[in-house]
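Written as structure tokens, this is what we have:
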């Protein structure tokens, strides 16, 4: 166990990122996929803020994180609206059933 | 900030005969603080329950609880004990884990918000510099708790109640936060202690009287919105017994139900304290320096917030419940625009 | 063993974050995933506090827990039969996905470990709120305005898309 | 003072915004709001004016302040207010006349169905004009310049149900645009070479030699193009007479006192950037305009058109004044002309209001019916004709003196003075022709005469005020101080070289004396001739008209300018398009058709080869592709997550390749 430094945060965020990625790729349920996206965004935010603290030494990273949060909120709202729309059409939100583009 | 507390020298556990590692000491310290909050909040909630019973009784020209203790004072404690030892019934098809977590979450969130309330200059658990934002943020846990409770009960009425509750609280958070913004603008800080300091020096320094009538409007908006946020009448749709039996806590009994119940009354007290801190001078005396030291700050904050609780109870036993569409109408088309007007008015006034 | 309080809290928070994230990812029940996500958000907020970003932490709780998570829960509940307690999700190509994701993690790990980030210490724990406010109204004014327009657009767009017609 | 200046600008804007949105619902349809706003602006302008008056050394700046407005990287555009002596006079002129026109309009426009809209437009126009006067840089002046154009467009086309009115508004707008293009180009030259917009910065940089020689001349002339459009100079004057389709108070405000004066003001404001050649160009344009418009005015029958051409002519005078170096004279004439021409327009409006006709053949003998209108109109006419001691005499005399001085120094350009003198005489003639035809003699249309009456108080009050101002209150003395030529030491000395050596030659005094007497003489003779022809009827106008038929026709048709534009610009465009169309039909289509015929022959030949040889091969290829694609399509699952996974896999490979 080392004293906590920049790398700890980076690895934490890497794990979080990979978990989110895994969720995005494997889950059939659209809402779960969205949750995975949120995990990825959180991982990115951790990186931003960690770099802001340890490398950049000012608040720019935090500002970016704030904007990411705001954008994520907007994205979540629109994405859920789309999910509801899909549900109205297909009576299901499983992404593998929304495959009318299949060749 | 949490960190300064953690980093500060914690010496009062040093007298223990055995040596504890430093992190453990801090954690013990935090746990002690948390339990104090829990006890205080529970007691206050019980007092609130007692008040509700007595006030409603007197409003309806009856006596209310009279048997246990003088004037029924110990009735609520007796009820609490009854609830604690009551059998805990969980529906067969319910999601056991979430059914358990939901009331805990609601109660914990309410308690967590207590951590930043200033009861006097020094009597505050964590003097967070963004205390106000913290309270707004932490109260969203209540929403999640309500949704989960409704869903985990596996009951239509519960789920409808939970979702109604969530929609209602989320909607009313907007006017409430906007109303609070004008105070933040005036004081220039989100620290509740700073906000009280700003209003020191008597009655006329209270923010509610500043930039009249804009802050008065903001206060009214905050008060109405907070009524809705704690699901009090006339906005108690999530637990409207004529439609949804008891809303999201229909399937709860015993200890878990008591948690919801206590959380509701603790929440009432919470919004009372916040409203009086933001607009009515908090723990500072209304008479300048007169009676403003020693135990009096605590006295004043309690007087102010219990007055607001009295008004809440009074409203509950006076007004009928609104419809769902009226509820949303009030939030989005009445309170929100007026809150913007108040912010704009205060802002322009400040610039001028 | 020389663990400071700071380190302890970091490891506790990391455990909370990653554990609940794992629950979120590997749970079959969507509602459990949501609860896992809730605690992940909370843990990440704690991490932000450790990184001296108190304001961002509170905003994280406010927006993610108070907004996005509730939206997600609504999304789950509105897109299923309301009486069905078993809202589950299946997984798709589990094995290739695990391999690719683990591969990506290994690469990221290598990058993080081998790069010299040249850290220059860390600033003190002054409250950041005031400074963030100043930055929002000066250097970041244009992004701020654009973000508000984006939010407005998302609000209207979401309401329009989700409407039954 | 800065507060005053800002309030002067913002009050009309505020009134406009309120009026355009809720004017109709206000009591009295809100006419009091713009009127009150503009009167307040006038009152606020007074202190600025007196400040300028009490410190009247040249180059005195009352207010100068600017704020950053826009910033794109290094490019910073400021927006500021600059008030010097010239501005203070313009402020008074604009706000005073605008106030009077507002008051007058309350009577004149009573009962119009878009009464409140009219006041909103009027107010918008006042705002734009005040902005134009107050702003401190070229960019701002261009913005307000366009805003003034918009205001005039809205007001000229105010009665847009009338086709002539909407046509006139479009004509005004488009004609102005032609000049504006030149002005814009000029401003862009300044900005691209000097990198600044502010007047003071530009002047200083030009004085330091940042822009000089031919380029500076070209720039000056280009900027002057803007003034040609706005101030209705030859050859873009055609819009102004047509603009008389707007309500008469509008004509008074826009086409007498303010908008058309904007061009003159702009030339005055940017005076120091004009080189000798540019100034000569201005003077020549001014001379042509002045003479041409004056001659056209002789034969017009429409009372407002006479005044319109007279306005064009007087604007030409101002340009001559500026162009020949008489900075003070030109701007002095701008001030006096604003008052008496507004007076004349409002008087004619009063007449039109009474008779319900603009044709002078319907009038006559109105003196007894409308005494106030007559006397005030007479004062305005005397001022315009240059009869001492009325204000127009002083200013016109100054311009003539300046032109004569210029002629004395450059004898090749003596004709400028002669032409100016002649037009002065013509001016006196046609103005008194107007007076005699309208107010004296017998009524020509008895029905209209019986109907005629004196106008209401709100209409006569402005007339009286303007008449008082036209008499002689504007003395040469202080105006000369206020409008002293820009300090040459601080600005470009090259720019005003032409002006400078007149003083050295010592011709000034002599020129003034000659100009004084000659102008009185021509004015007198013009009046006398008018009296002979139209009052005592000793000479028949009709007889002379038919005797000089070609000349008469030329003048009656305004030198065929509209026809000329029709024949050249418009016709040329249509003609060009027709040629292109013909070219397209005959040559290109023919060519294409020919190729098509040849091609179809070849095609049938190739078709045979194709079917047998090529198709076989192509189908073979297609079949192979089909087989492969049937295998490959299984990748295309339609599941987005599969795609993401593949993409991630690719990313991973790239990462690995890069790392190891």
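Protein chains in written order, with the numbering used here: chain H, 51 to 153; chain X, 436 to 787; chain W, 2 to 166; chain R, 490 to 1149.
C-beta atoms are modelled at their ideal positions from N, C-alpha and C, and glycine is treated no differently.
Quantities reported herein were computed from a predicted structural model and do not represent experimental measurements.
Neighbours of residue 120 of chain H in chain W, taken as residues at a C-beta separation under 7 Å, are given in chain order as 148 and 152.
Cβ-Cβ distances below 6 Å link residue 95 of chain H to 115 and 118 in the same chain, with the five nearest sequence neighbours on each side left out; the list follows chain order. Excluding its 5 nearest sequence neighbours in each direction, residue 744 of chain R has C-beta neighbours in its own chain below 7 Å: 729, 732, 797 and 800, listed in chain order. Taking a beta-carbon distance threshold of 9 Å, residue 88 of chain H counts as an interface residue toward chain W. The Cβ neighbour count for residue 505 of chain X, taken over all protein chains shown within 10 Å, is under 16; the residue is labelled exposed. For residue 130 of chain H, the enclosing alpha helix (DSSP H) starts and ends at 110-140. The C-beta of residue 1143 of chain R comes no closer than 9 Å to any C-beta of chain H.
With distances taken between CA atoms, residue 543 of chain X lies nearest to X:579 out of X:632, X:496, X:664 and X:579. For residue 1067 of chain R, the secondary structure class from DSSP, reduced to helix, strand or coil, is helix. The Cβ-Cβ distance between residue 843 of chain R and residue 922 of chain R does not fall below 9 Å. Less than 9 Å divides the Cβ of residue 601 of chain X from the Cβ of residue 71 of chain W.
Note on geometry: alpha-carbon atoms of residue 719 of chain X and residue 657 of chain X lie some 20 Å from one another.
With respect to the 9 Å criterion, residue 785 of chain X and residue 621 of chain X are classified as neighbours on the basis of their beta carbons. Under the three-state reduction of DSSP, residue 802 of chain R is assigned to helix.
Taking one beta carbon from each stretch, the stretch 514-531 of chain R and the stretch 633-645 of chain R have fewer than 3 pairs nearer than 8 Å; the two do not touch.
Within 8 Å of the CB of residue 62 of chain H, the CB atoms of chain W belong to 15, 18, 19 and 48, in sequence order along the chain. Under the 10 Å beta carbon count, residue 684 of chain X is surrounded by 16 or more other beta carbons and is classified as buried. Under the Cβ criterion of 9 Å, residue 1148 of chain R is not counted among the residues facing chain H.
Secondary structure of residue 624 of chain R (DSSP, three-state): strand.
Following the DSSP letters along the chain, one finds residue 568 of chain R inside the beta strand (DSSP E) bounded by residues 564-573. Under the 9 Å criterion on CB atoms, residue 1130 of chain R is classed as interfacial with respect to chain W. Under DSSP, residue 634 of chain X forms no beta bridge with any residue. Using a CB distance cut-off of 9 Å, residue 530 of chain X counts as an interface residue toward chain W.
In the structure shown, residue 30 of chain W falls within a strand segment according to DSSP collapsed to helix, strand and coil. Nearest CB-CB separation between residue 66 of chain W and chain H: not below the 9 Å threshold.
Around residue 39 of chain W, the beta-carbon contacts reaching into chain X at under 7 Å are 579.
At least one CB atom of chain X sits nearer than 9 Å to the CB of residue 74 of chain W. Burial is judged here by how many other beta carbons sit within 10 angstroms of a residue's own beta carbon; residue 541 of chain X has at least 16 and is buried. The Cβ neighbour count for residue 736 of chain R, taken over all protein chains shown within 10 Å, is at least 16; the residue is labelled buried. Assignment of residue 646 of chain R by DSSP, reduced to helix, strand and coil, places it in the coil class.
With respect to chain W, the C-beta atom of residue 607 of chain X has no partner C-beta closer than 9 Å. For residue 694 of chain R, the enclosing alpha helix (DSSP H) stretches over residues 688-696.
Assigned with DSSP and collapsed to three states, residue 603 of chain X falls in helix. When X:513, X:494, X:496 and X:493 are compared, the shortest CA-CA separation from residue 502 of chain X is found for X:513. Interface with chain W (9 Å Cβ-Cβ cutoff): residue 767 of chain X is excluded.
Pairing residue 752 of chain R with residue 716 of chain R gives a Cβ-Cβ distance under 9 Å.
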